[in-house]
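Below: the structure, in structure tokens.
Here it is as structure tokens:
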């Protein structure tokens, strides 16, 4: 099996777990608080992964790239009043 097919299957598998775990973990939890905790865990995991791989040289990011990365983050958070994750978690609340 080619590597990209394996990675695509893994990606689909882990993407399918997101709403399942979200539903199981949202009983009596505010969706905004759940999103905040999820974002923190994602940050910590990605930070540790970057350190482990030795990919922490943020000085290599030029000003233009940093601007578009920041705009992407702002746009991703600013789509309406909720992110897609918050809408999903709100939909799962009883």
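Residue numbers (the working numbering): -15 to 78. Backbone N, C-alpha and C define an ideal beta-carbon position, used for all residues, glycine too. Please read these numbers as outputs of a predicted model, since none were measured by experiment.
Neighbour-count burial assignment, residue i, 16 or more Cβ in a 10 Å radius
i, result
"residue 54", "exposed"
"residue 0", "exposed"
"residue 18", "buried"
"residue -5", "exposed"
"residue 15", "buried"
Boundaries of the alpha helix (DSSP H) in which residue i is found, first to last residue
i, result
"residue 15", "15 to 37"
"residue 4", "-13 to 9"
Residues of its chain near residue i, where Cβ-Cβ distance is below 8 Å and the 5 sequence neighbours each way are ignored
i, result
"residue 32", "none"
Proximal residues to residue i (C-beta, below 7 Å), its chain only, five neighbours per side dropped
i, result
"residue 38", "none"
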